[in-house]
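So the structure is just underneath, and the comments pick up after that.
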Amino acid sequence: MKKITGYIKLQIPAGKANPSPPVGPALGQHGLNIMEFCKAFNAKTQSEGDTLIPAVITVYADRSFSFITKTPPASTLLFKALSLDKGSSNPKQERVATISSDKIREIAEQKMPDLNAYDVDAAMKIIMGTARSCGITVEV
Amino acid sequence: MIQQNPFKHRSPRSWRKFTIQVSNKTADPVASFLSTLTGSGVENNLAENGNKQSKTETITGYLLEDHELDENKGQLHLFLDQLAGRFPDFPPVLIKEESIQEEDWSQTWKTHFKPIRLTKRIVIKPSWEKYDADDDQIVIDIDPGMAFGTGHHASTRLALELIEKSFADNISPSVLDVGTGTAILGLACGLLGAEKIFGIDNDQDAVAAAKENIKINHLQHIMSADNVDIQTISEPYQLILANITHDVLTAMAPILVKLLQNSGTLILAGILEGSQADSIEILYKKLGLTVVSIRHSEEWVAFRFLK
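Right, here's the structure in full:
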């Protein structure tokens with residue numbers, strides 16, 4: 023078994039990895055083949071549109087690597103569900119949209135594999151917290 | 009020797025690197041907001057505070073130092089201030105802002121790039137390494153610069169295997185290398201006997217790397233590379249190569265088939281096993297091509313079609 027020397031966590035738009043930052047500096051400092059990662063990441067995520075995709079890269083001592091992709095961040099799924107580009111830059115005062123609890127449940131179910139939650143209700147609470155921090159009002 | 013300046017066609021760009029310390033409560037919105045500003049994503053890591061159980065992370069994003077920097081920076085500060093107001097116990101904090109110059113970030117990896125035999129006859133070697141070739145071996149010198157194609161990826165290896173087999177069956181005089189990258193596939197064709205090769209790529213860094221590699225391999229008399237739209241090409245080719253991604257190969261299918269001479273060969277790579285490979289096979293067959301061979305390696309598939 024190969025010795026693991028580190029992990030790199032990136033969030034990159036699907037199908038758009040390239041050697042510019044943040045990919046280049048993050049992988050370059052570990053001596054990884056940047057273009058090989060970009061090729062594999064883009065091939066695996068090309069059908070996801072412009073969605074932000076988290077990738078966790080495992081770095082081995084021989085400078086080889088493997089990676090897994092995770093479900094998009096909750097905020098990305100919230101913006102997508104509401105057809106928004108981004109959240110409020112002033113979430114305390116400015117509400118950018120309202121989302122239904124049904125939509126929150128859908129997102130919670132989608133995010134379940136990557137959330138530290140025992141059930142969907144607990145996952146919904148996490149998603150609602152993210153919604154509020156992005157300036158999105160949750161309709162109960 | 010490793011190429012020192014991979015940006016010969018333009019000046020290196022400057023980036024402003026922002027490192028923000030966040031709690032797990034604010035990590036998601038900060039990463040998302042910063043990703044929208046950068047357009048290229050972010051890196052996130054556990055903060056180096058020695059506590060493995062820590063819920064603190066750092067999020068790093070890079071903004072181009074251009075005319076929009078001040079406006080983007082203002083938006084970021086406003087966002088962080090307001091989030092801090094909402095989460096006073098776990099405020100996100102901008103802990104570092106620094107200017108960095110674009111560089112060839114694959115330099116470290118390149119020092120470990122050694123000659124590699126990829127097929128029965130084809131050997132890829134970094135331009136700065138020495139290699140004693142056997143009589144029947146073909147050696148391609150590659151300086152990857154900032155482009156795809158060092159031969160270490162399974163899809164490149166599969167494409168080269170199919171090229172080698174295709175030339176063993178019948179030498180193709182004219183070759184179009186679509187998404188040429190380092191020009192590795194086109195160069196292989198040149199060394200195997202092609203008379204005219206044209207490599208195209210929509211990435212200027214790739215075209216610069218391709219031109220450099222054509223020169224290093226002394227193939228300027230038969231191969232050229234340029235940043236042109238495939239739709240502007242009208243001349244048919246005997247052999248067309250495309251090692252790209254499934255979505256691009258799907259969108260380009262009609263033009264690739266149109267540019268292929270009758271009895272010509274099309275080699276496609278960069279396709280994942282399963283639904284991607286299935287849909288490519290169905291699509292190109294529908295457009296009138298016949299599958300000559302299919303190669304698999306790891307999770308990747310490459311096709312050789314005949315018109």
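Sequence order for the protein chains is A and B.
For reference, each letter of the first sequence is one residue, going 23 to 162 in my numbering.
For reference, each letter of the second sequence is one residue, going 9 to 315 in my numbering.
Idealized CB from N, CA, C, for every residue including glycine.
Fair warning: this is a prediction, and the values are worked out from it, not measured in the lab.
Bridge-paired residues (DSSP) for residue i
i, result
"residue 182 of chain B", "B:204"
"residue 119 of chain A", "A:158"
"residue 29 of chain B", "B:66, B:101"
"residue 140 of chain A", "According to DSSP, which records beta bridges pairwise, residue 140 of chain A is partnered with nothing at all."
"residue 301 of chain B", "B:312"
"residue 256 of chain B", "DSSP lists no partner for residue 256 of chain B."
"residue 28 of chain A", "A:81"
"residue 158 of chain B", "In the DSSP output, where bridge partners are listed per residue, residue 158 of chain B has none listed."
"residue 251 of chain B", "B:277"
"residue 23 of chain B", "B:72, B:108"
"residue 125 of chain B", "B:131"
"residue 51 of chain B", "A:32, B:68"
"residue 75 of chain A", "A:34"
"residue 268 of chain B", "B:245"
Range covered by the alpha helix (DSSP H) that runs through residue i
i, result
"residue 57 of chain A", "56 to 67"
"residue 87 of chain A", "No alpha helix (DSSP H) contains residue 87 of chain A, which is instead part of the beta strand (DSSP E) from 87 to 91."
"residue 45 of chain B", "35 to 46"
"residue 147 of chain B", "Element bounds for residue 147 of chain B: not the alpha helix (DSSP H) but the beta strand (DSSP E), 146 to 150."
"residue 97 of chain A", "96 to 103"
"residue 182 of chain A", "Lying outside 23 to 162, the shown extent of chain A, residue 182 of chain A is not represented and no answer is given."
"residue 87 of chain B", "77 to 94"
"residue 237 of chain B", "Premise fails: residue 237 of chain B is in no alpha helix (DSSP H) and is neither H nor E."
"residue 40 of chain A", "Per DSSP, residue 40 of chain A belongs to no alpha helix (DSSP H) and is neither H nor E."
"residue 221 of chain B", "212 to 224"
Below-8 Å beta-carbon distance, residue i vs any chain B residue
i, result
"residue 68 of chain A", "yes"
"residue 46 of chain A", "yes"
"residue 135 of chain A", "no"
"residue 161 of chain A", "no"
"residue 42 of chain A", "yes"
"residue 120 of chain A", "no"
"residue 150 of chain A", "no"
"residue 27 of chain A", "no"
"residue 7 of chain A", "Only positions 23 to 162 of chain A appear in the structure, and residue 7 of chain A is not among them; the question remains open."
"residue 127 of chain A", "no"
"residue 105 of chain A", "no"
"residue 34 of chain A", "yes"
"residue 79 of chain A", "no"
"residue 57 of chain A", "yes"
"residue 61 of chain A", "yes"
"residue 123 of chain A", "no"
"residue 88 of chain A", "no"
Neighbour flag for residue i against chain A, beta carbons, 8 Å
i, result
"residue 172 of chain B", "no"
"residue 99 of chain B", "no"
"residue 59 of chain B", "In this prediction, residue 59 of chain B has a pLDDT of 47, which is less than 50 and means its spatial position is unreliable; what the coordinates show is noted afterwards. Judged by the 8 Å Cβ criterion, residue 59 of chain B is not in contact with chain A."
"residue 94 of chain B", "yes"
"residue 37 of chain B", "yes"
"residue 136 of chain B", "no"
"residue 62 of chain B", "Residue placement at residue 62 of chain B is flagged as unreliable, the pLDDT there being 49, under the threshold of 50; the coordinate-derived value follows with that caveat. Chain A contact via Cβ: absent."
"residue 52 of chain B", "yes"
"residue 10 of chain B", "Only weak support is given to the placement of residue 10 of chain B: the predicted model assigns it a pLDDT of 43, under 50, and the value that follows is read from those uncertain coordinates. Cβ-Cβ to chain A under 8 Å: no for residue 10 of chain B."
"residue 49 of chain B", "yes"
"residue 68 of chain B", "yes"
"residue 255 of chain B", "yes"
"residue 268 of chain B", "no"
"residue 40 of chain B", "yes"
"residue 304 of chain B", "no"
"residue 182 of chain B", "no"
"residue 91 of chain B", "yes"
First and last residue of the uninterrupted beta strand (DSSP E) at residue i
i, result
"residue 131 of chain B", "130 to 134"
"residue 232 of chain B", "231 to 234"
Any non-hydrogen atom of the ligand GDP within 7 Å of residue i CB
i, result
"residue 297 of chain B", "In terms of ligand content, the structure shown is empty, and the ligand GDP therefore cannot be addressed."
Checklist entry - How do the region 230 to 249 of chain B and the region 208 to 219 of chain B stand: do at least 3 beta-carbon pairs fall below 8 Å, yes or no? => result yes
Next on the checklist: When you compare the region 143 to 151 of chain A with the region 117 to 133 of chain A, are there three or more beta-carbon pairs, one atom per stretch, that lie closer than 8 Å?
Outcome noted: At 8 Å Cβ cutoff, the stretches touch.
Next on the checklist: I want to know whether the region 80 to 89 of chain B touches the region 63 to 77 of chain A - three or more CB-CB distances under 8 Å.
Outcome noted: No, they do not touch.
Checklist entry - Are the region 171 to 185 of chain B and the region 222 to 229 of chain B touching, with three or more C-beta to C-beta distances below 8 Å? => result no
Next on the checklist: For the pair the region 112 to 120 of chain B and the region 48 to 56 of chain A, tell me if three or more CB-CB distances fall below 8 Å.
Outcome noted: yes
Item to check | Cβ contact (3+ pairs, closer than 8 Å) linking the region 134 to 143 of chain B and the region 254 to 271 of chain B | outcome: no
Checklist entry - At a cut of 8 Å, does the region 23 to 30 of chain A reach the region 71 to 89 of chain A through at least three beta carbon pairs? => result yes
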